[in-house]
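Comments concern the structure below.
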Amino acid sequence: MMDMSFLKDVFGEFVPILPQIVMVLATLTVPALFYANRSGKACAWFSLGALALVGILVGLMMHDGTFYGDYAGLFSFDPFSGLMMLLFLAVAFLTVLVSPDSTEVTIHKGEYYAIIMGIVTGMFFVASASNLMVLFVGVEVVSISSYALVALKKNDPRAAEAAVKYFIVGGLSSALTLYGISLFYGMTHTLDIAGVAAAVDTMEFTGAFALATIALIAGYGFKIAAVPFHMWAPDVYEGAATPVSGFLATGSKKMGFVLFFKVFLMMFVVLRSGFATQEVQYLFAVIAAVTMTLGNIVAISQSNIKRMLAYSSIAQAGYILIALAVMSEYALVGGMFHMFTHVFMKFGAFIVVLSLIAAGLGERIQDYNGLAKRAPFVAFAMLLFLFSLAGIPPLAGFTSKFVLFSSAIYVNGAVVTQWVWLAIVAIVNSAISLYYYARVVKAMYVEEGPTDALAIRGGHKFAIALCVVAVILLGVFPTPLLEAIGDAAAHFFLAP
Amino acid sequence: MLDALTGLGVLEYVWLAPLIPLLCFVIAGFFGNRTPQGGGYIAIFGALAAFVVALLASYEYVMSDAYSAGEAFVRDLEWLVFGDYALNFGVYIDSLSCIMMLFASFISLLIFIYSVGYMDGEGKKKRRYYAEVSLFLTGMLGLVVSSNYLQMFIFWEIMGLCSYLLIGFWGFDHPEGDEATENAASAAKKAFLVTRLGDVCLLAGLFILLHMFGTLDYEGMFMQAKIDAVVAANPVKFPVAMALVFGGAIGKSAQFPLHDWLPDAMAGPTTVSALIHAATMVKGGVFLVARSFPLFVQSADVMLFVAIIGGVTAVFTATMALNNMNIKRVLAYSTLSQLGYMVLSLGAGGYLVAMGMETGNAELIGLGVLGYSAGVFHMVNHAFFKALLFLGSGSVIHSTGTEDMRLMGGLGKKMKITSITMLLGSLSIAGFPFFSGFWSKDLVLETALAPASHGLGAEHWFTLLFALGMITAFMTAFYMFRMWFLTFAGKPRERAVLSHGESPKSMTMPLVILSIFAVGSGLAIFANFLCHAAQSLEVGMRWIMDAGRVGINEHVYDGIAVVKHMFGNVWTYVAIALTLVGMAIAHAVYAKRKFEPEAFRIENKGRLYKLVANRYYAPEIYNQISWKLGAGVAKAVDLTDRKVVDGAVNGIANAIIGAGDAVSMSQTGYVRNYAGVVVLGVVVLAVVFVLAFALTGGI
Chain B
2 MMDMSFLKDV FGEFVPILPQ IVMVLATLTV PALFYANRSG KACAWFSLGA LALVGILVGL
62 MMHDGTFYGD YAGLFSFDPF SGLMMLLFLA VAFLTVLVSP DSTEVTIHKG EYYAIIMGIV
122 TGMFFVASAS NLMVLFVGVE VVSISSYALV ALKKNDPRAA EAAVKYFIVG GLSSALTLYG
182 ISLFYGMTHT LDIAGVAAAV DTMEFTGAFA LATIALIAGY GFKIAAVPFH MWAPDVYEGA
242 ATPVSGFLAT GSKKMGFVLF FKVFLMMFVV LRSGFATQEV QYLFAVIAAV TMTLGNIVAI
302 SQSNIKRMLA YSSIAQAGYI LIALAVMSEY ALVGGMFHMF THVFMKFGAF IVVLSLIAAG
362 LGERIQDYNG LAKRAPFVAF AMLLFLFSLA GIPPLAGFTS KFVLFSSAIY VNGAVVTQWV
422 WLAIVAIVNS AISLYYYARV VKAMYVEEGP TDALAIRGGH KFAIALCVVA VILLGVFPTP
482 LLEAIGDAAA HFFLAP
Chain S
393 MLDALTGLGV LEYVWLAPLI PLLCFVIAGF FGNRTPQGGG YIAIFGALAA FVVALLASYE
453 YVMSDAYSAG EAFVRDLEWL VFGDYALNFG VYIDSLSCIM MLFASFISLL IFIYSVGYMD
513 GEGKKKRRYY AEVSLFLTGM LGLVVSSNYL QMFIFWEIMG LCSYLLIGFW GFDHPEGDEA
573 TENAASAAKK AFLVTRLGDV CLLAGLFILL HMFGTLDYEG MFMQAKIDAV VAANPVKFPV
633 AMALVFGGAI GKSAQFPLHD WLPDAMAGPT TVSALIHAAT MVKGGVFLVA RSFPLFVQSA
693 DVMLFVAIIG GVTAVFTATM ALNNMNIKRV LAYSTLSQLG YMVLSLGAGG YLVAMGMETG
753 NAELIGLGVL GYSAGVFHMV NHAFFKALLF LGSGSVIHST GTEDMRLMGG LGKKMKITSI
813 TMLLGSLSIA GFPFFSGFWS KDLVLETALA PASHGLGAEH WFTLLFALGM ITAFMTAFYM
873 FRMWFLTFAG KPRERAVLSH GESPKSMTMP LVILSIFAVG SGLAIFANFL CHAAQSLEVG
933 MRWIMDAGRV GINEHVYDGI AVVKHMFGNV WTYVAIALTL VGMAIAHAVY AKRKFEPEAF
993 RIENKGRLYK LVANRYYAPE IYNQISWKLG AGVAKAVDLT DRKVVDGAVN GIANAIIGAG
1053 DAVSMSQTGY VRNYAGVVVL GVVVLAVVFV LAFALTGGI
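Chains as they are written, first to last, in the working numbering: chain B, 2 to 497; chain S, 393 to 1091.
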């Protein structure tokens, strides 16, 4: 393996924020590059290269193991943040990979790629933050960039409407978050997450504490589109360009979970004496159950495939919330694992949709009639993604759901009945979800439709193939990833 | 040179043996039609590569210290970890895996080569054929190298799937019309469903084993301390689990009473029959028993049960071959009967070991281990001669276009190579002295007699089983030569006249190679094959082997001594005599026509003839059971299903869909409503939170 110690000589104390530094530089380079040669393709290739480079850098830094540390008490680079950075990079990589061939992406290509890179930078901040204010700044970087990203598809009124809604509801949630943070600051006189958690531990129950907790849940719940903060999601995913929808549904949502893990697991479990833990757990359990149920039920009556995927994505967030209800190390492993598998199956489905839009197909489910004959590979890939989302073995979705759901039953090395009901709700929901996923499969394979072949672009095929490989590989051989996640989760529970 | 081979380290890569055919399955499946022979050469390459890997890995393992020390070569990859429970995916190589790998890949290779000629006229369907047979081989090789029961079960099911697909290969567009198409489809279904019955038993058995042992890894299970503890803790559950595991073998290896799918499986191409009967599928069940031997020998009752099933299957199915006129069916029944021999041998051997352990008698353990080795030995020999016979019959069918022996005859002159190689195969299966079948069958019979002659309990059973085995030997000789004489001797009848002579080289060449093995594989006994086969037990049940060391040294370890002993036994000569008599009768009736078979017709019209010709009405019994029992239950279930379940399901579904519609109506699209819901949500959450505190006494 490469000797990385020279990085320490060059960057000194800045080494733990090296990935952020590189990302910021890359983000600033993209518009300059576009200004210089006016080529969207060049920006895309540069972004891909930069993302891959940062990915390799983060991977090597994690592999090396001597780079873990924190910077100025604001950022820390640890196995958890490293792994989450890789997750965000994977999402961004897929987004950029499919964008040049997409017909929906705007003419403002320089801005488009720059914004995506900017969002990744913001996500990096969130992944590595150890301070509530840094967290807030990271979230705002991501949010404001996302509003712009949705609005970039200017010629489409749906996109404009979606962006405005996204902006207003997002603004509300930011306000709530900030309110919660300021209340916590008022109560504890610190913004350091570990410090806040230590102070909470010795606290009495007050109205301010309840309000602060709820405000944070509501503000971050908006990010993961948990019920009842979900209503923006279907409109936005439908209105935005499909690569952007996929990016928001997989990337931005995952950032929301990182927020929850960082703030709530840290505050109520890792440094706990048990104060308010049960109550917060029940709160999350209720949100999880309601979110997955509502997402799945409403998805049934959707006729637009992007809207259906949006609701399915809400339901998947409900599944991941189980990790926050159970709050054990194994549950965190399950949650993170599902975050990874969800990237490939959900983004895979979005890529299929956008590749078909690029090939001239509509967004309605009935437009998919007879697709198996018109584009066999894409139809088969879609079948795999949807079945994986429904949790059918041996695909990735099954394996991760298995770990996640079993974590609700098998808590800290013993069978516990407390959360069994949540596992049952989740399993029933999986069954319900199969209905609307199978409907798309039926349209593709059973219904008769036009027979002319569809020309799918090479870049899209490549991205779909990547996702297919990931969905199958993570399904049958998840161990390497599970080990990495296990390390991250173990580190998380060791934290200061 | 040979040292260089061991230095290659192929053993570490032995997982390539199942993996390469798997890749060939994918390649042939996707791109077969773009290559010559619809992917045939890809499949052949896969089998060849698998064979080379198997050969090098086996050689390296046999030469290694681990082999002589009686240790398995185990490599495990952690596959899935759930909490503190881990599933592994890996390889477990001992002499049994090596033997199975070698003959499965070698015979498959020859069958694939043969297929190039045999399946030549299938056009575009060849792609499917070659892809599926490659997957079939993957299933078998994966099965034998697996390091735990769960992984083995996965490959077991892959084989089940492939057998379904291949038996039903002509399940649509059969070249011989609609009826044949339907036959093929229903035979495929039958094979799948009947073996499924066994698979369910096996799965249930594995669940119990997992529950008792806490692991399904062979390495973790086959340990004295563990087995002793488990058997002591579960005096009832353990035998039940083993009986259920044997249920899987009954299904897969077509033992009584789940034997009936195998004759019907003839609806597939003949090469598929050869594959199922010789190299893969039915050997899986015998392998399962052999692999689980360390567990099976813990229960003498289960071993007795195994032996009885084997013996009954052997004689019962042999009778059905006596008067059948379909060349492939005769061979199918003979497979059933020979599988019965193998199971009988393993069962009787296991019984001997179990009794030997109970009484501390090393002699009995030695004889039991001999029975185990004999069972494995017979499996190998059978693989060669049965592949030969099936491919030979395929050659005949290819040439005459019929499977009915009444329409053949006199083909010996037209098809010299086929007739001679089939003769060699028939001699071998009949147990003609010094042909391969002779050696192993004799050891099987010796094992079956041993419990009786040593005065153990259940001696009546074993005396009976031995007698059944002897009768089977006689019948085998008769029906095999009846088949040979009907096909190749006498005057050519209708279809034989139309025959277009010998088959192409790609078909006769495998026949010649296989006939060499069919004649000679038995001579492996002189190369201490039995001792090598028993090495697998050194790995799995060392403590038992140590207890029986004296007996094993006497009965197994010296091939020459075993042969000497064999020829010192009067029953050997009786068996030879019975074989010769069987052949002589067949010759007299069907070649010389000394007795006109028609003369028996009057008698043949009798009940017995009909009984046998109708397979003891086993298919009817199946049907009756499924009609009377199945249809009744099905009707009741159907009624409940439609009235109760459907009503409930539809009701719930409608409610859910209605709810979905209602909730999606609330998605008004107005951003003010969205913001309102957010604020409302905050309030509700706050109330819930405070309430939760209040209720748990937090405030």
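Glycine included, C-beta positions come from ideal geometry on N, C-alpha and C.
Please check the pair residue i and residue j, which I expect to be a contact at CB under 8 Å, by giving their CB distance rounded to whole angstroms.
i, j, result
"P655 (chain S)", "R588 (chain S)", "Not quite, the Cβ-Cβ distance comes to about 18 Å (not below 8 Å), so this is no contact."
"I182 (chain B)", "S146 (chain B)", "At roughly 21 Å, the Cβ-Cβ gap does not stay under 8 Å, so I182 (chain B) and S146 (chain B) are not in contact."
"S907 (chain S)", "S791 (chain S)", "Actually they are not in contact, since the Cβ atoms of S907 (chain S) and S791 (chain S) sit about 18 Å apart, beyond 8 Å."
"I117 (chain B)", "A93 (chain B)", "6 Å"
"A391 (chain B)", "L435 (chain B)", "4 Å"
"M124 (chain B)", "V151 (chain B)", "Contact doesn't hold; Cβ gap of about 17 Å is too wide."
So residue i contacts chain B; which residues on that side make the cut at Cβ distance below 9 Å?
i, result
"W471 (chain S)", "V477, F478, P479 and T480"
"I419 (chain S)", "Within chain B, no residue comes near I419 (chain S); the closest Cβ sits about 16 Å away, beyond 9 Å."
"D1053 (chain S)", "V299, I301 and S302"
"G1061 (chain S)", "E162, K166 and D236"
"A1040 (chain S)", "Ordered by position in chain B, no residue passes the 9 Å Cβ test against A1040 (chain S), which lies about 14 Å from the chain."
"V904 (chain S)", "Near V904 (chain S) there are no residues of chain B at all, since even the closest Cβ is about 42 Å away, more than 9 Å."
"R1072 (chain S)", "The sequence given here has Leu at residue 1072 (chain S), not Arg. By Cβ distance, chain B contributes P229."
Could you tell me which chain B residues have their CB closer than 7 Å to the CB of residue i, listed as they occur along the chain?
i, result
"Y1066 (chain S)", "K166, V170, M232 and W233"
"L535 (chain S)", "Residues of chain B passing the Cβ test: none, with the nearest at roughly 18 Å."
"V1037 (chain S)", "The contacting residues do not exist; V1037 (chain S) stays about 14 Å from chain B at best."
"V1069 (chain S)", "P229 and M232"
"L1048 (chain S)", "It should be pointed out that residue 1048 (chain S) corresponds to Ile in this sequence rather than to Leu. Those within 7 Å of I1048 (chain S) in chain B are I298, I301 and I433."
For residue i, which residues in chain B fall below 8 Å Cβ to Cβ?
i, result
"A1078 (chain S)", "A211, L212 and I215"
"S1056 (chain S)", "V299, S302 and Q303"
Have a look at the DSSP bridge pairing and note the partners of residue i.
i, result
"Y72 (chain B)", "B:F76"
"D1030 (chain S)", "None, per the DSSP bridge assignment."
"G482 (chain S)", "S:D468"
"D499 (chain B)", "There is simply no residue 499 (chain B) to check, as chain B begins at 2 and stops at 497 in what is shown."
"D796 (chain S)", "S:N718"
"R375 (chain B)", "Per DSSP, none; premise fails for R375 (chain B)."
"R39 (chain B)", "None; R39 (chain B) has no bridge partner."
"S538 (chain S)", "S:V483"
"N305 (chain B)", "B:R365"
Cβ closer than 7 Å: which chain S residues qualify as neighbours of residue i?
i, result
"V287 (chain B)", "V1080"
"P218 (chain B)", "First, the residue type needs correcting, since residue 218 (chain B) is Ile and not Pro in the sequence shown. Under the 7 Å cutoff, chain S gives L1077."
"L173 (chain B)", "A1067 and V1070"
Going along chain S, which residues have a C-beta under 9 Å from residue i?
i, result
"L284 (chain B)", "L1077, V1080, F1081 and A1084"
Give me the chain S residues within the contact set of residue i, using Cβ-Cβ distance strictly less than 8 Å, ordered along the chain.
i, result
"P32 (chain B)", "Neighbours of P32 (chain B) on chain S: none; closest Cβ ~31 Å, over 8 Å."
Worksheet item: Which full runs of the beta strand (DSSP E) of 3+ residues lie inside the stretch 582 to 622 of chain S, going along the chain?
Response: none
Worksheet entry | Whole alpha helix (DSSP H) elements within the stretch 243 to 288 of chain B, 4-residue minimum | 243 to 248 and 254 to 261
Discussion item. Whether or not the stretch 788 to 797 of chain S and the stretch 706 to 723 of chain S are in contact is what I'm after, with contact meaning three or more pairs of Cβ atoms, one per stretch, closer than 8 Å; do they touch?
Written reply: yes
Practice prompt. Can you check the stretch 402 to 463 of chain B for any alpha helix (DSSP H) of at least 4 residues that lies completely inside it and give the ranges in chain order?
Written response: 421 to 446
Discussion item. Under 8 Å, with one C-beta from each stretch per pair, do the stretch 903 to 916 of chain S and the stretch 800 to 820 of chain S reach the 3-pair mark?
Written reply: yes
Practice prompt. Mind the definition here: the stretch 590 to 607 of chain S touches the stretch 615 to 635 of chain S only if three or more C-beta pairs lie below 8 Å; say whether that holds.
Written response: yes
Worksheet item: How about the stretch 48 to 61 of chain B and the stretch 14 to 29 of chain B: do they share at least three Cβ pairs that are nearer than 8 Å?
Response: yes
Worksheet item: Does the pairing of the stretch 734 to 746 of chain S with the stretch 842 to 854 of chain S give three or more beta-carbon distances under 8 Å?
Response: yes
Worksheet item: If you scan the stretch 757 to 825 of chain S from start to end, which runs of the alpha helix (DSSP H) of 4 or more residues do you find wholly inside it?
Response: 803 to 806 and 808 to 822
Discussion item. Would you call the stretch 404 to 423 of chain S in contact with the stretch 527 to 546 of chain S, where contact means no fewer than 3 C-beta pairs closer than 8 Å?
Written reply: yes
Worksheet item: Is the number of C-beta pairs between the stretch 202 to 222 of chain B and the stretch 242 to 255 of chain B that are closer than 8 Å three or more?
Response: no
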